[in-house]
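Novice: Let me give you the structure first, and then I'll get to my questions.
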Amino acid sequence: MQASKAAHDGTKLFDGADWDFPMLQRISDACEEIAFGELGLNCYPNQIEVITAEQMLDAYSSVGMPLFYKHWSFGKHFAQQEAMYRKGYMGLAYEIVINSSPCISYLMEENTATMQTLVIAHAAFGHNHFFKNNYLFKQWTDAEGILDYLDYAKKYIAKCEEKYGYNEVERTLDAAHALMGQGVFRYPQKKKLNLKEEKERAEKRREYVQSSFNELFSRMVPASKQQEELKDVSKRRVLLGLPQTNVLYFLEKSAPRLKSWQRELLRIVRHVAQYFYPQSQTKVMNEGTATYVHYKIMTRLYELGKISEGNFLEFLQSHTNVVFQPEFDDQRFRGFNPYALGFAMMQDIECIVTGIDERGVPFTEEQLDENREWFPDIAQKGDPMGVLRHIWANYRDESFISQFLSPRLMRRMKMFHLCDDPVVEEGILVNKIHNERGYREVRRQLARNYDVGYVDLNIEVTDVDLAGDRELILQHKVLDGAMLSGENAAPVLTHLANLWSYNVKLEEVDALDDVLEEHFAEPSYVQESA
Amino acid sequence: MHQGLDSLAFPALFLFSLTQRESWMQIIDRRSNPGQKSLENRQRFLRRAKTQVQKAVKNASGNANVKDVLNGGSVELPIDGVAEPRLVREGGVRNRVLPGNKKFVEGDILDRQGESRRKGSGPGEGDSTDSFRFVLTREEFMDLFMDDLELPNMHKKTLAGSLVTKPRRAGYTMSGSPTAISVNRTMRLATQRRMALGRPTQEQVMSQWQIAQDVFEETQDEGLWAPEYLKYMGLSERMGRIPFIDPIDVRYRRFEQEPTPIAQAVMFCLMDVSGSMSEHMKDLAKRFYMLLYVFLERRYKKVEVVFIRHTDKAEEVDEDTFFHAPASGGTLVSTVLEEMARIVKDRFNPAEWNIYAAQASDGDNMNSDNTRTGEFMTDKILPVAQYFAYLEVGENETTEHMHMPSLGDSPLWKTYDGLCSKGASIAMRKVGRREDIFPVFHELFEKKGNQHASQ
C-alpha cells in the first residue's frame, strides 16, 4: 500500500465534507481514470447535474425522467412520496441516472464530497457502462433518441389536450396506462426502434389522414374484399396479426373507432413501457454492476491516497447500508435487495476467477474443486474484469443467476426454497435448502423469480368476433394456478373495452386450454367514430 | 492487490483520456432551475381526486381547530378513487427463495399463518395501503374548502350604480383631448385616404424632378424637357393639394367610465358578552367569525374587521378583548346595532365598502328592547349591509334538536324571524356543537344557482 501511495500523486481529491464544482470535475476525472484504465469500462458521455432535494422529488414523480408528459397519476405518486419523505419514512435516492446518451446522472446537493464521489462512480460509470453494453438495452432502447422522443411526446400530448380537450386525453391515457404491462414486445422486432423517426412518422400519419379523407368514400363504398376475408378465421388472424401479446400495439393498429391522435397516444405509452422493459429484467445486474464498480473505484481511490481514511470509512458505511440484506424473518425484509444480491454475486465471481476470497485469503483445495466443478469456464481464469464485462454485456437477471449463483454464495446467504401450494393444507413446504442436494433447485427457483417469462402475465389477444358483435377475445395462460385478481381485472378490462369500443372477453385458460374463468367488460362510454 | 497491473495500465489510460477529454464529462448546476416541475401534475391529481379530497378536507376540518385547519394540513385520501388498476395475479402455487435460513431442513412444513405474516411483499411490488396521507398547502386547502361557496349579493353595489368608476378603453372617437390622440389609428386612416386619392409620395415627386433634370442635362433640349417638367409640376401640385394628414383622419382614444366592484369589505363581528354567554358559545362564535374572515379575505383585496361587543351597552373593542375579556350586565341588542350604524356612518361609507355583519348571541334580549331592535335592523342596518348573518349559539346540544320548531325560540330569534317573514334578508342559523360550525357555514354560503341573481 505504501508503495502505491509513493508511486502515484498522493494529493487528496478533497478534505472534509464540502464540495464545489471544480472539485466534482477532479473527482470525476479521477474516477474516469480508474474506470477506463483499470476496469476497462466503456461508457456513454457523461452529463452530471446537481439538483436540490425538491428537484429530486420532482424527478421521482415522473418516473425519473427529466421531461415527461403530464398526467395526474404522476402527481399522485409525488404526493405519496413527498408525504413519506417528509415523515422520514423514506430517504431520497442519492442519485438518479438516465439511460440516454449523454448519460445523465442527478446528484443531490446535500450529498457530502464522499457521497458525490460514490454517486459519480456508481451512476456515471457503473450504470452508464451497463446501459451502453448490456444486450437488452442495445436491443430495446435507443439511448440517443429517448430525450428527444420524450420531448416530442410531451409536446404532442399537450397539443392534443389543447385540441381535443383535457378529459378526452386523460381518458385515453388512463386506459393506456392500465394496459402498460401488456404494451411491450417481449421478443425483438425485425426493425430496431428508432425514436427519431417516430416523430416524423406521426406527422406523416396526420398528413395522410388529412389528405386522403373522403367523406363520400367512407360512407358509400360497400365492404371490400378485405372485409369478406376477415370472416375467415385463419385469414383474419393473419390480417390482424393474431395472436398478439402486445395489447396496446394491437389496439393502436386495429381498434376500429380510435382517432388517429388516440392511436398516437397509445404508441407513446407503448414506447415508454418498452423503454423501461430492459430495466425490469436487469435490476439485480444493473445495480450489482454499479455497486461493484463504485466499490472498486472507491477502493482504488483510497489505495492511491486520493481520499482519506475518514472519507473512506464514511463511504464504507454508506456502502454497507446499500448492500444490506435483511434475513427473511427480519421486519425489514422486502425480498432480495438487488444491490446486495448483485454485488455479492459480482464479488463472488471475482473470487472464483482469481481463486482468492473477499478477504484476500486463497481458497482451499476443496473450494477450488467446487469452483472448477460449477464454473469450469471461469474458475481461476485470472481476468476478473474481463469475465465480468462479458457477463454484464450478455446476461439478464434470470440467466445471470441461473448461471453464476455459486454454492458458496448460497451457503453464505443461507438461501432456501419455500413452496407454498394452497392444496397442501399442512402448510408451506421447505423444499430445498443450501446443501449439496439443494443448490441446483434453489438456484433454478431464484432465477425463475427473475424470469419475465414467468413473472409477467401471459396475456394475448386471440380473436375478434367480426361477424358478430365485434367482441375482442383475450386469453390469459394461467401458470401454477395463479389467476387474475378480479378486483383489479374488472377496471382494466373496462379501460380496454373503452379503447376497443366494443365488448371484451378475457378467458383464463390452463396448460390444456381448458377455460378456468371468463371475465367480461363493456365500454363505459362510447367513442365517437373516427 | 493488483499493483503490477495498475502501473502498467496507467500510461495507456492517459493517452485515452487526453483525446477524449473535451466532450466527455459535463457537470451542470441545475439547482437554480425552476423547481415545482411536478406542480402541474399535482394540480391534475387534485382535480382528478376533487370529490374525494373535498370530502377529506371537510372531514379533517370537522375535528381540527379552526386555526390549524385554515393553515392547510394533511388529509387522508382513500386510494380507491384514484386507483390505477393493473392486471395482477393472485393465489396459486408460490415458489420463493429466501435468505437467512437458520434451522429449516429439507422437508420441513411451516405453519402458514406465522409464515405469511412475516413474508411481506416482494421487491418492487407497489404499496398495498388503502389510503394515503398527503399535505395540502393553505391555498389548496382553502380552494377546496371554499370551492362550492359564494358570496351572496356580491354584485349588489355594482347594480346599484356605485360611485367608484374606472376609465376603460372603448374604441375611437373623432374628437377628444390632444393627449388622447391615437397616432397609430390616425396614421392608418391617413394612409388609406392618401392611397385612395392617389397622392404621390415625396419620392415619386423628387424622382420625376430628377428625370426632368436628367433629360435636360443630357439633351439640352427644352422640347424634351418640358413634358417631363410639366409632369413633375402636376405631381407636385397634386401632392400639395392632398394633405399628408387631414383633420378627418385624426382619431382619439375613447374612454368610458365603468363602475368597478368595490374591492374592500368590512366585517362587523357583533357578539353578546353578557353573563349568559358561556365560553363554549364564544368559541363557537369565534370559529364562525374566523371562517367568515378567511372567506371574505379570499374575495376582497382588503378586509377590515370591527369587533363590537355588548351587554346592555355596546362598545368597539380589539380582538383580544372581544373574545377573552370578561364583561357582565344585562342584554340590550339594539345597542350593538346602534353602535354598528354609528361606525358605518363615521368610517365606512356604504358606497365604498361592502359591509358584512355576523352577530352571535344566545338569543337573550330584554323584552322591552325587541321592538327597538327590529326597527333598527330594518331602518339602519339592513339597507347598508350586504349581508347579515345571525348565529344563535347554544350549549352542547345537537343542532337537529335546536332546529325543531318549538315554543322555545329565543326572543331575539323571534324578532329576527318576524323581520324575515316581512321580507328582510337575514341569514339565521342555530349552532350547538363545534363540528356543526362548518356545515352551517357551508349552508349559509352555498352556491344557490340563479337565486341570487334575482334578488
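So the protein lines, in turn, are chains W and R.
For the first sequence, our numbering assigns the number 45 to the initial residue and increments by one for each residue that follows.
For the second sequence, our numbering assigns the number 7 to the initial residue and increments by one for each residue that follows.
For each residue, glycine too, the CB sits at the ideal point set by N, CA and C.
Inspect the beta-carbon positions of L388 of chain R and A320 of chain R and report whether they are closer than 8 Å.
Specialist: Numbered from its first residue, the second sequence carries residue 388 of chain R at position 382. Numbered from its first residue, the second sequence carries residue 320 of chain R at position 314. Going by C-beta atoms, L388 of chain R is not nearer than 8 Å to A320 of chain R.
Novice: By Cβ distance below 7 Å, which residues in the same chain neighbour N376 of chain R in space, the five residues on each side in sequence not counted?
Specialist: Along the second sequence, one-based indexing puts residue 376 of chain R at 370. The answer, listed in chain order, is P417 and T421.
Novice: Is the shortest distance between the beta-carbon of H409 of chain R and the beta-carbons of chain W less than 8 Å?
Specialist: In the second sequence, residue 409 of chain R corresponds to position 403, counting from 1. Bear in mind that the predicted position of H409 of chain R carries a pLDDT of just 47, short of 50, making it unreliable; the figure below should be weighed with that in mind. Judged by the 8 Å Cβ criterion, H409 of chain R is not in contact with chain W.
Novice: Could you list the residues in the segment 456 to 481 of chain W with a C-beta less than 9 Å from some C-beta on chain R, going in chain order?
Specialist: Cβ contacts with chain R: M457, K458, M459, F460, H461, L462, C463, D464, D465, P466, V467, V468, E469, E470, G471, I472, L473, V474, N475, K476, I477, H478, N479 and R481.
Novice: Any idea what DSSP makes of S342 of chain W, helix, strand or coil?
Specialist: Within the first sequence, residue 342 of chain W is the residue found at index 298, counting from 1. Going by the sequence as given, residue 342 of chain W is Met instead of Ser. Looking at M342 of chain W - three-state DSSP - the assignment turns out to be helix.
Novice: Looking only at its chain, what residues have a beta carbon closer than 6 Å to the beta carbon of H407 of chain R, apart from the 5 residues adjacent to it on each side?
Specialist: Working through the second sequence from its first residue, we reach residue 407 of chain R at position 401. With a pLDDT of only 46 at H407 of chain R, under the threshold of 50, the placement of this residue in the model should not be trusted, and no figure is reported.
Novice: Alpha carbon to alpha carbon, how far is A363 of chain R from A55 of chain R?
Specialist: Position 357 of the second sequence, counting from 1, holds the residue named residue 363 of chain R. Position 49 of the second sequence, counting from 1, holds the residue named residue 55 of chain R. Taking the straight line from one Cα to the other gives about 35 Å.
Novice: Rank R:R36, R:E398, R:V103 and R:A433 by C-alpha distance to the C-alpha of F372 of chain W and give the top, closest one.
Specialist: Along the first sequence, one-based indexing puts residue 372 of chain W at 328. The candidate whose alpha carbon is nearest that of F372 of chain W is R:V103.
Novice: To the nearest angstrom, how far is the alpha carbon of Q214 of chain R from that of G204 of chain R?
Specialist: Here residue 214 of chain R refers to the residue found at position 208 when the second sequence is read from its first residue. Here residue 204 of chain R refers to the residue found at position 198 when the second sequence is read from its first residue. Roughly 16 Å separates the two Cα atoms.
Novice: May I ask you to list, following chain order, the residues of the segment 103 to 119 of chain R that have a beta carbon less than 7 Å from some beta carbon of chain W?
Specialist: Against chain W - using a Cβ distance shorter than 7 Å - the residues of the segment 103 to 119 of chain R are V103, L104, P105, G106, N107, F110, V111, E112, G113, D114, I115, L116, D117 and R118.
Novice: If contact means a Cβ-Cβ distance below 8 Å, which residues of the segment 90 to 102 of chain R contact chain W?
Specialist: Flagged, chain order: E90, P91, R92, L93, V94, R95, E96, G97, G98, V99, R100, N101 and R102.
Novice: Is the shortest distance between the beta-carbon of I34 of chain R and the beta-carbons of chain W less than 8 Å?
Specialist: Numbered from 1 along the second sequence, position 28 holds the residue referred to as residue 34 of chain R. Chain W contact via Cβ: present.
Novice: If you draw a straight line from the alpha carbon of D12 of chain R to that of A79 of chain W, how long is it in whole angstroms?
Specialist: On the second sequence, residue 12 of chain R is found 6 positions in, with the first residue counted as 1. On the first sequence, residue 79 of chain W is found 35 positions in, with the first residue counted as 1. Residue confidence for D12 of chain R is low, a pLDDT of 30 falling below 50, so the modelled location carries little weight; the figure read from the coordinates is stated next. Rounded to whole angstroms, D12 of chain R to A79 of chain W spans 12 Å at the Cα level.
Novice: Counting only C-beta atoms, is V559 of chain W closer than 8 Å to chain R at any point?
Specialist: Position 515 of the first sequence, counted from the start, is the residue given in the question as residue 559 of chain W. Closer than 8 Å: no.
Novice: Counting only Cβ-Cβ distances shorter than 9 Å, please list the residues of the segment 40 to 64 of chain R near chain W, keeping chain order.
Specialist: Answer in chain order: G41, Q42, K43, S44, L45, E46, N47, R48, Q49, R50, F51, L52, R53, R54 and A55.
Novice: Using DSSP's beta-bridge definition, name the partner residues of Q32 of chain R.
Specialist: Position 26 of the second sequence, counted from the start, is the residue given in the question as residue 32 of chain R. According to DSSP, which records beta bridges pairwise, Q32 of chain R is partnered with W:Q91.
Novice: Check whether the segment 295 to 303 of chain W and the segment 530 to 550 of chain W touch, using three or more Cβ-Cβ pairs below 8 Å as the test.
Specialist: Counting Cβ pairs under 8 Å, three or more are found: they touch.
Novice: Kindly indicate the opening and closing residues of the alpha helix (DSSP H) around E303 of chain R.
Specialist: One-based indexing of the second sequence puts residue 303 of chain R at position 297. Note, E303 of chain R: alpha helix (DSSP H), E285 to R305.
Novice: Please state the DSSP three-state secondary structure of R257 of chain R.
Specialist: Here residue 257 of chain R refers to the residue found at position 251 when the second sequence is read from its first residue. Residue state, collapsed to three classes: coil.
Novice: Could you spell out the range, first to last residue, of the beta strand (DSSP E) harbouring A364 of chain R?
Specialist: The residue you call residue 364 of chain R lines up with position 358 of the second sequence. Per DSSP, A364 of chain R belongs to the beta strand (DSSP E) from N360 to S367.
Novice: Indicate the three-state DSSP secondary structure (helix, strand or coil) for T174 of chain R in the structure shown.
Specialist: Here residue 174 of chain R is taken as the residue at index 168 of the second sequence, counted from 1. The sequence given here places Arg at residue 174 of chain R; Thr does not occur at that position. Three-state result, R174 of chain R: strand.
Novice: Output the distance between the C-alpha atoms of D117 of chain R and I472 of chain W, rounded to the nearest integer angstrom.
Specialist: Position 111 of the second sequence, counted from the first residue, corresponds to residue 117 of chain R. Position 428 of the first sequence, counted from the first residue, corresponds to residue 472 of chain W. Cα-Cα distance, rounded: 7 Å.
Novice: Whose Cβ in chain R lies nearer than 7 Å to the Cβ of H171 of chain W?
Specialist: Your numbering for residue 171 of chain W matches position 127 in the first sequence. Those within 7 Å of H171 of chain W in chain R number zero; the least Cβ separation is about 15 Å.
Novice: Determine the direct distance from the alpha carbon of Q198 of chain R to that of A232 of chain R, and round the result to whole angstroms.
Specialist: Indexing the second sequence from 1 puts residue 232 of chain R at position 226. Indexing the second sequence from 1 puts residue 198 of chain R at position 192. In a straight line, the C-alpha of A232 of chain R is about 32 Å away from that of Q198 of chain R.
Novice: Shortest alpha-carbon distance to E331 of chain W belongs to which of W:N502, W:L385 and W:M459?
Specialist: By 1-based counting over the first sequence, the position of residue 331 of chain W is 287. Closest option to E331 of chain W, Cα to Cα, is W:L385.
Novice: Which of the three DSSP states is assigned to H115 of chain W in this structure?
Specialist: Mapped onto the first sequence, residue 115 of chain W falls at position 71. In the structure shown, H115 of chain W sits in coil (DSSP, three-state: anything other than H, G, I, E or B).
Novice: Taking the alpha-carbon of I164 of chain W as reference, which of W:G530, W:E347, W:K56 and W:C75 has the nearest alpha-carbon?
Specialist: Taking the first sequence and counting its residues from 1, one reaches residue 164 of chain W at position 120. Selected option, being the one with the closest Cα: W:C75.
Novice: Flag S529 of chain W as yes if its beta-carbon sits less than 8 Å from any beta-carbon of chain R, otherwise no.
Specialist: Residue 529 of chain W sits at position 485 when you count from the first residue of the first sequence. At least one chain R Cβ lies under 8 Å of S529 of chain W.
Novice: From the beta carbon of L490 of chain W, is the nearest beta carbon of chain R less than 8 Å away?
Specialist: In the first sequence, counting from the first residue as 1, residue 490 of chain W sits at position 446. By this cut-off, L490 of chain W is an interface position.
Novice: Taking the alpha-carbon positions, what's the L93 of chain R to N502 of chain W distance?
Specialist: One-based indexing of the second sequence puts residue 93 of chain R at position 87. One-based indexing of the first sequence puts residue 502 of chain W at position 458. Near 11 Å, if we compare the C-alpha coordinates of N502 of chain W and L93 of chain R.
Novice: Once you ignore the five residues that flank Y299 of chain R on each side, which residues in its own chain have a CB closer than 8 Å to its CB?
Specialist: Residue 299 of chain R sits at position 293 when you count from the first residue of the second sequence. Counting only Cβ-Cβ distances below 8 Å, and skipping sequence neighbours, we find M273, V309 and V311.
Novice: Along the chain, where does the alpha helix (DSSP H) containing F51 of chain R start, and where does it finish?
Specialist: On the second sequence, residue 51 of chain R is found 45 positions in, with the first residue counted as 1. L45 to R54 is the extent of the alpha helix (DSSP H) around F51 of chain R.
Novice: Of all Cβ atoms in chain W, is any one closer than 8 Å to the Cβ of R139 of chain R?
Specialist: Along the second sequence, read from residue 1 onward, the residue named residue 139 of chain R stands at position 133. Chain W, which has a Cβ nearer than 8 Å to the Cβ of R139 of chain R, makes this yes.
Novice: If contact is defined by three or more beta carbon pairs under 8 Å, each pair taking one atom from either stretch, is the segment 394 to 405 of chain W in contact with the segment 424 to 444 of chain W?
Specialist: Segments in contact, yes.
Novice: Let's test the definition: count the other Cβ atoms within 10 Å of the Cβ of R440 of chain W and tell me whether it reaches 16, buried, or not, exposed.
Specialist: The residue you call residue 440 of chain W lines up with position 396 of the first sequence. R440 of chain W is buried by the Cβ-count criterion.
Novice: Taking only beta-carbon positions, decide if W116 of chain W is within less than 8 Å of chain R.
Specialist: Taking the first sequence and counting its residues from 1, one reaches residue 116 of chain W at position 72. Answer yes: the Cβ-Cβ gap between W116 of chain W and chain R drops below 8 Å somewhere.
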